[in-house]
Ligand SMILES: Nc1ncnc2c1ncn2[C@@H]1O[C@H](COP(=O)(O)OP(=O)(O)OP(=O)(O)O)[C@@H](O)[C@H]1O
Ligand SMILES: [Mg+2]
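Protein chains in written order, with the working numbering: chain A, 549 to 1002; chain B, 10 to 257.
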């Protein structure tokens, strides 16, 4: 991509913003609008990240934007019943369901549900109106608008998204499931925003499922901010299952207070181009963070995970495991940065990244990045890139299991180490099943079928 | 059942098997003994289809079919089983899934429907008892973290699940304590019928007290240099291999 093209994308975005500011603001909330001006100024300086940006050097973000995309500033009135397009394949999984279409929250039946234990699930717009104090405190408090152009771009444009609030002491026994659907007649760029607030001693499981339903080019540039207060526990599972013409750029910021526990599990099952940024801040002593990830890629798909775990205070633990299988000409990257600040004594931080390459053409870059400024810590990291183990394969074949089946069992075993971390059994089984389908090449038909996966 | 004629095989251009002749008939038990490095495991590898070993001459037929042309999985489905000298650990693949896949592939080969989940579990339980294998082991990943003895027991458990026509036990006795040896040998004996056959590769006469061979062969430097009845094992125990090596 040439320099002028980069300039054009930037100018184009800024112009788009200026020309549509009224529409953008009208279709959003004043509390979100409040942050736009500064964000677009930041974007004007930062632009779309280039390969020269150390953090983005393994993913060509600019080329994603070189295509023409439609942008909606108000929800398209597609009238459909949830049940018609969405059939959840997790029969035992009884969830609180939230549906987002092209970045806009769909009434189901309301735009904001308040459960009897005070848990709130709803649209960002409506939540901002009803809970301004929460919004003022947490919205855009973590997102790094000053250093990442894509984040600034999101803050400038985002109008809606999902808001989840679990008040002090509330335990949400049913998982909360958010389904993000992309469906349009034309190529589309969507930018939405999520906010999850876990107050003191609350507990919840949140499952995010991303799907593309029409055979168009899609780009999603999504920022999610998560706050886990003292003693609270959150399990956050994100399943990316979109077609080969889709791009996902995700920026997830988490902040944990004292003795809280957070598990993130990012399962990239399918997608053309995926870049996930995960920033985890351990801000209160005794906080425990688990970051898991799985990426399964083939053809010319590209998946890049950037994680940054910031041990800011003493006595915190973090445990990170990312695994990937790359087939055909797929490419990928894992960059895991861990920062242990000077005061963060007694930190325990473990990281590993394991990759299986199925062909000589598949490529993975893996880069652990440990910066340790405290002296009394336990940290380890390890990265492996390997092929299917011949000895294991032969052993299985010697028991009558055909080569293809044996390879599938081995790959499935490889992925299960990540999937088994999911605590809800029915969900874990379902994801195992989807991974299995994916490895058998049965999931790529996904976009042409009317939503038969979760 | 199994007919091996003038079999020569090499690994990385080094000739290991230098003309093996052996015939195994249904109902028979053959013991193969021989010093370290003489080619016993290599013979087992050739019979089970490990690609690393290249056959340069000779033939192997199993119930009239040319074994050497079959991929490893087909040999297994035809009824050839190897209890590995060094069983392989497979992290992430549970014993249950592994065995289910194996049993059902065998059934498919015989045009049978896959076993239902409950029938499979029933079979699993039954065969576990046969080799007195710890229940917890089948819930773990294949051989992962198993002790040496547990791995060997697990081999015989798999044999019990698959009911092969020809079982090759490559040093299944090594690493077993006295009780485990008895359990494993009993398991093998219980699976014995007039239709199936066993080749026992071992260094020790002790195993042959339990699994009594009809024939004992001594493999030395890639050739079977002596074959006789079970008394040969005793003689070997007494005299050692020098007796063979010093030419007879
Ligand atoms: N993968 C290999 N690469 C190179 N040489 C090999 C390989 N496998 C076996 N060999 C060689 O082949 C010869 C026969 O080995 P084999 O394992 O068949 O012996 P064995 O009779 O089973 O011995 P043991 O009693 O020690 O198990 C040995 O010299 C060994 O070093
Ligand atoms: Mg051997």
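For each residue, glycine too, the CB sits at the ideal point set by N, CA and C.
Every value quoted in this text rests on a predicted model; they were computed, and no experiment measured them.
For residue 705(A), tell me which candidate among 819(A), 561(A), 695(A), 772(A) has the shortest Cα-Cα distance.
The shortest Cα separation from residue 705(A) among 819(A), 561(A), 695(A), 772(A) belongs to 561(A).
Can you check whether the C-beta of residue 936(A) is within less than 8 Å of a C-beta belonging to chain B?
For residue 936(A), the answer is no, since every Cβ of chain B falls outside 8 Å of its Cβ.
Tell me, please, which residues DSSP counts as bridged to residue 883(A).
Paired residue(s): 854(A), 915(A).
Give the DSSP bridge partners of residue 865(A), in chain order.
DSSP, once it has assigned bridges, lists 836(A), 896(A) as partnering residue 865(A).
Reducing DSSP to helix, strand and coil, say where residue 783(A) ends up.
Three-state result, residue 783(A): strand.
Taking contact to mean 3 or more Cβ pairs, one atom from each stretch, closer than 8 Å, check whether the segment 907 to 926 of chain A and the segment 939 to 950 of chain A are in contact.
No, they do not touch.
What span of residues does the alpha helix (DSSP H) with residue 66(B) cover, start to end?
Not the alpha helix (DSSP H): residue 66(B) falls in the beta strand (DSSP E), residues 62 to 71.
How would you list, in chain order, the residues of chain A whose beta-carbon sits under 9 Å from the beta-carbon of residue 59(B)?
The answer, in chain order, is 942, 946.
Between the C-alpha atoms of residue 184(B) and residue 125(B), what's the straight-line distance to the nearest angstrom?
Distance between the alpha carbons of residue 184(B) and residue 125(B) is about 36 Å.
If we ignore side chains and look at the alpha-carbon of each, how far apart do residue 168(B) and residue 885(A) end up?
Each residue's alpha carbon lies about 48 Å from the other.
Going straight from the alpha carbon of residue 833(A) to that of residue 777(A), what length do you get?
So the two alpha carbons sit approximately 11 Å from each other.
Can you find a CB in chain B that lies within less than 8 Å of the CB of residue 840(A)?
No, residue 840(A) lies away from the interface with chain B (no Cβ there is under 8 Å from its Cβ).
Can the beta-carbon of residue 957(A) be found closer than 8 Å to that of residue 937(A)?
In this structure, residue 937(A) does not lie closer than 8 Å to residue 957(A) by Cβ.
Please list the terminal residues of the continuous alpha helix (DSSP H) segment that includes residue 195(B).
Element bounds for residue 195(B): 187 to 200.
Give every residue whose Cβ lies closer than 5 Å to any heavy atom of ligand 1, listed in chain order.
Residues flagged by the Cβ proximity filter: 20(B), 25(B), 45(B), 46(B), 47(B), 48(B), 49(B), 50(B), 51(B).
What is the DSSP secondary structure of residue 976(A), reduced to helix, strand or coil?
Three-state result, residue 976(A): helix.
At 7 Å on the CB atoms, spell out the chain A contacts of residue 92(B), in chain order.
Correct list: empty, because the minimum Cβ distance to chain A is about 10 Å.
Where does residue 113(B) sit, in a helix, a strand or coil, going by DSSP?
Helix, per DSSP.
Give, in chain order, every residue of the segment 751 to 782 of chain A whose Cβ lies closer than 8 Å to some Cβ of chain B.
Of all residues in the segment 751 to 782 of chain A, none has a Cβ within less than 8 Å of some Cβ in chain B.
Under the three-state reduction of DSSP, which class applies to residue 846(A): helix, strand or coil?
Of the three classes helix, strand and coil, the one that applies to residue 846(A) here is coil, per DSSP.
From the beta carbon of residue 844(A), is the nearest beta carbon of chain B less than 8 Å away?
Not one chain B Cβ lies under 8 Å of residue 844(A).
According to DSSP, residue 776(A) sits in a beta bridge with which residue or residues?
Paired residues: 746(A), 804(A).
Would DSSP call residue 237(B) helix, strand or coil?
In this structure, residue 237(B) counts as strand in the three-state DSSP scheme.
Could you tell me whether the segment 723 to 732 of chain A touches the segment 686 to 701 of chain A, where touching means 3 or more Cβ pairs closer than 8 Å?
No contact exists between the segment 723 to 732 of chain A and the segment 686 to 701 of chain A.
What do you reckon, are the CB atoms on residue 557(A) and residue 588(A) nearer than 8 Å?
Not a contact, by the Cβ cut-off of 8 Å.
Could you name the residues of chain B that residue 949(A) contacts, counting a contact when the two beta carbons are closer than 7 Å?
Ordered by position in chain B, the residues that pass the 7 Å Cβ test against residue 949(A) are 82, 110, 111, 114.
Please give me, in chain order, every unbroken run of the alpha helix (DSSP H) with length at least 4 that falls completely inside the segment 634 to 687 of chain A.
If we require 4 residues or more, the alpha helix (DSSP H) runs fully inside the segment 634 to 687 of chain A come out as 672 to 678, 680 to 686.
What does the Cβ neighbour count give for residue 543(A), buried or exposed, with the cut at 16 atoms within 10 Å?
A query on residue 543(A) cannot be resolved here, the shown segment of chain A reaching from 549 to 1002 and no further.
Restricting to Cα atoms, I'd like to know which of 746(A), 645(A), 739(A), 889(A) is closest to residue 686(A).
Checking every option, the nearest Cα to that of residue 686(A) belongs to 746(A).
I want to verify the contact list: residues of chain B whose CB lies under 8 Å from the CB of residue 958(A), in sequence order.
Chain B residues near residue 958(A): 99, 101, 102.
Please determine whether the Cβ atom of residue 179(B) lies at a distance below 7 Å from any heavy atom of ligand 2.
Within the cutoff, so yes.
Rounded to a whole number of angstroms, what is the C-alpha to C-alpha distance between residue 967(A) and residue 785(A)?
Cα to Cα, the separation comes out at about 10 Å.
Consider the Cβ of residue 996(A): report whether some Cβ of chain B lies at a distance smaller than 8 Å.
Residue placement at residue 996(A) is poorly supported in this model, since its pLDDT is 40, which falls under 50; the coordinates are not used for a value here.
Do you know how far the Cα of residue 903(A) is from the Cα of residue 1003(A)?
Past the boundaries of the shown model lies residue 1003(A); chain A is included only from 549 to 1002, so the question cannot be answered.
Does residue 86(B) come within less than 8 Å of chain A when only Cβ atoms are used?
Cβ-Cβ to chain A under 8 Å: yes for residue 86(B).
For a test of the three-state rule: what should DSSP assign to residue 28(B), helix, strand or coil?
Looking at residue 28(B) - three-state DSSP - the assignment turns out to be strand.
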